[in-house]
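Counting in the numbering used here, the first sequence runs without a single skipped number right up to 456 at its last residue.
Virtual Cβ for every residue (Gly too), placed ideally from N, Cα, C.
So the structure is just underneath, and the comments pick up after that.
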Amino acid sequence: MIRAVKGTHDLLGTALAYHRTVVEATRRWAEAAGAEEIATPIFEHTEVFERGVGQTTDIVQKEMFSFTDRGGRSLTLRPEGTAGVVRAYLEHGMKVWPQPVRLWYAGPMFRAERPQKGRQRQFHQTGYEVIGAAEPEVDAEAVALSWRILESLGLRGLTLKLGSVGDPADRERYNAYLRERLEPHAERLSEDSRRRLQTNPMRILDSKAPPDRELLTELRVRPMLDFLGDAARQHFEAVQARLRALGVPFEVDPAIVRGLDYYVRSSWEIHHDRLGAQSALGGGGRYDGLSELLGGPPAPGVGWALGVERVALAMQAEGLSPVPAPGLDLYVVPLEPELVPRALEAAAAFWPELRAQYALKARKPGKGLQEAEKKGARYAALLGPDEAAAGKLTVKDLKTGEQRTLSPEEVKEWIRGGTA
RNA sequence: GUGAGCGUAGCUCAGCUGGUUAGAGCACCGGUCUGUGGAACCGGGGGUCGUGGGUUCAAGUCCCAUCGCUCACCCCA
């Protein structure tokens, strides 16, 4: 049997209902904030991510699904959404739109990791980007929006961790400090971290390897926050002040680093307390240099992404139900075999005002009602010789038991009136 | 990529220390039931026991390998 590829899943039933609930919540709140939806391709030229996300990141080094197309171009299934959105911003000259431009999106992302709870190879994110503004207000706006989306879904066990990774110059000073501090003890670091010492020392802070953690504690390595320049520090404080004013609870996490190189200044994650190892529901940050990394003019930006599957897991852990998919309005039951075609015609005549389906085999009335119930229909319509002759249907409300024999037009009126 | 746990019907599982033709519940199909449902009862379809090899008179059960799933490491949404 051919099965879905490792780390991918068919989405249906309850899982899809959770999925839609998260996407629709994002749509509602993002559009409330004035954002326009964008759908970028799920694959891009590999360099979009190599240059955008960063050569030294785990995502680029070991998690991308890349392939060569027939023309010899290197393409990559998007591992995240922001780089593609900024590429689109540049490609469509959105810098001439009224600034800043607010965009939101939802769609699949791909990372070649070993699957586990809350981690799949194809997963889904919703995201929000504000491009063309450097003010701390938009950082706070973005954080507050993602926080409120999660709250609106009913989630309680949320923690917002806010940090700052500073400006590039601050990071250079910090990286120099880290190298100087850690290099004498390099042999005690994990293999990955020894490599990071050369390529990107800050990423060592992200390591959870016990030897790395011990060494960092023992050396009393100072956090990035101590190295913020004046501009970044003022920005960070302003963001905190705006968040307090908006009533968004957060804790400052001096160690927050983020796995994507394009982040500067604000950087945050939202965690849930009952998710297991992969506890981040979402994260984001400011990426003022990204446009230039992609070959564009300076264009400051800030944004976030939520992991749809993880939010769904968190909702389930808290016993929260998704918005259910709408069921059938009407199930048409032919009472005689020769009336099956008439049942199709009757059901088809209700589309699309009513969700109507019909039985392919003649049923006795009792069986027909039972079947309608199993199909999840609110109403059953019996079509027997009498109804056929009169051009009517005997329609029964399966909840109340109320029954009427009506013309198709009257059926529409009754049901639409009843469900309005 | 590393480690651990688990693979019996569409789903949830039973199958004792290896011993007839591998079972149950749910679901599905049909009947009891020729114009009114949610019940009950009866019947039916559906399994190469993940796969391959080995031990044995005999393997769903023991051993090895392999594949898959899950969780964890790593990292992140």
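Buried or exposed (CB count within 10 angstroms, at least 16 for buried), residue i
{"i": "F103", "result": "exposed"}
{"i": "P115", "result": "buried"}
{"i": "T455", "result": "Its pLDDT being 49, under 50, T455 is placed unreliably in this model, and the value from its coordinates should be taken loosely. Label assigned to T455: exposed."}
{"i": "M37", "result": "exposed"}
{"i": "G319", "result": "buried"}
{"i": "P370", "result": "buried"}
{"i": "P246", "result": "exposed"}
{"i": "G190", "result": "exposed"}
{"i": "V137", "result": "buried"}
{"i": "V201", "result": "buried"}
{"i": "V359", "result": "exposed"}
{"i": "P220", "result": "exposed"}
{"i": "R207", "result": "buried"}
heavy atom of the ligand MN below 7 Å from residue i C-beta
{"i": "E149", "result": "What this structure holds is no ligand at all, so the ligand MN is not there to describe."}
Other residues of its chain near residue i: CB distance less than 6 Å, five sequence neighbours each side excluded
{"i": "V347", "result": "V58, L317"}
{"i": "R239", "result": "R232"}
{"i": "E67", "result": "none"}
{"i": "Y125", "result": "I167"}
{"i": "A69", "result": "L181"}
Own chain partners of residue i with C-beta closer than 8 Å, once the 5 adjacent residues on each side are dropped
{"i": "L279", "result": "A176, V179, A180, L198, F286"}
{"i": "P373", "result": "K397, A398"}
{"i": "A361", "result": "L52, A53, R56"}
{"i": "Q393", "result": "L364, L366, Y367, V368, A383, K411, A413"}
{"i": "D228", "result": "S243, A245"}
{"i": "A424", "result": "L375, R378"}
{"i": "F386", "result": "D365, L366, A392, P444, V447, K448"}
For residue i, the residue or residues it bridges with in DSSP
{"i": "Q158", "result": "F146"}
{"i": "F79", "result": "L113"}
{"i": "F101", "result": "L113"}
{"i": "D433", "result": "Y415"}
{"i": "I185", "result": "Beta-bridge pairing links I185 to no other residue."}
{"i": "Y164", "result": "W140, W340"}
{"i": "S327", "result": "According to DSSP, which records beta bridges pairwise, S327 is partnered with nothing at all."}
{"i": "R322", "result": "V300, V338"}
{"i": "E73", "result": "W140"}
{"i": "Q152", "result": "R155"}
{"i": "A316", "result": "H307"}
{"i": "E287", "result": "K197"}
Same chain only: Cβ atoms within 7 Å of residue i, ignoring 5 sequence neighbours per side
{"i": "I451", "result": "D365, L366, L390, Y415"}
{"i": "V96", "result": "F85, E86, V89, G90"}
{"i": "A408", "result": "Y367, V369, A416, L434"}
{"i": "G404", "result": "V369, A395, A416, L418"}
{"i": "R123", "result": "E80, V84, L330"}
{"i": "P259", "result": "P290, A291"}
{"i": "S315", "result": "H307, H308"}
{"i": "F499", "result": "The requested residue 499 is not part of the displayed model; the chain covers only 37 to 456."}
Proximity of residue i and residue j at Cβ, strictly below 8 Å
{"i": "T112", "j": "E149", "result": "no"}
{"i": "V484", "j": "G339", "result": "Coverage of the chain is limited to positions 37 through 456, which leaves residue 484 absent and any answer about it impossible."}
{"i": "V293", "j": "Y323", "result": "no"}
{"i": "T436", "j": "L418", "result": "no"}
{"i": "L196", "j": "V284", "result": "yes"}
{"i": "G345", "j": "Q156", "result": "A quick correction: the sequence has Glu, not Gly, at residue 345. Their beta carbons are under 8 Å apart, which means E345 touches Q156 by this criterion."}
{"i": "R209", "j": "F263", "result": "yes"}
{"i": "P333", "j": "A170", "result": "no"}
{"i": "A353", "j": "L311", "result": "yes"}
{"i": "T93", "j": "G163", "result": "no"}
{"i": "R147", "j": "E83", "result": "no"}
{"i": "W140", "j": "E73", "result": "yes"}
{"i": "T76", "j": "G129", "result": "no"}
{"i": "D248", "j": "L214", "result": "no"}
{"i": "K42", "j": "P151", "result": "yes"}
Extent of the continuous alpha helix (DSSP H) run through residue i
{"i": "K55", "result": "Here the sequence assigns His to residue 55, which means Lys is not the residue at that position. Segment 49 to 68, the alpha helix (DSSP H) holding H55."}
{"i": "L218", "result": "204 to 218"}
{"i": "K339", "result": "In the sequence on display, residue 339 carries Gly and not Lys. Not the alpha helix (DSSP H): G339 falls in the beta strand (DSSP E), residues 337 to 343."}
{"i": "G404", "result": "401 to 410"}
{"i": "P247", "result": "246 to 254"}
{"i": "H271", "result": "266 to 282"}
{"i": "L380", "result": "376 to 386"}
{"i": "P421", "result": "421 to 426"}
For residue i, the first and last residue of its enclosing beta strand (DSSP E)
{"i": "V122", "result": "Counting along the chain, V122 falls outside any beta strand (DSSP E), though it belongs to the alpha helix (DSSP H) covering 118 to 127."}
{"i": "S302", "result": "300 to 308"}
{"i": "L225", "result": "Premise fails: L225 is in no beta strand (DSSP E) and is neither H nor E."}
{"i": "V369", "result": "366 to 370"}
{"i": "R440", "result": "439 to 442"}
{"i": "A392", "result": "392 to 394"}
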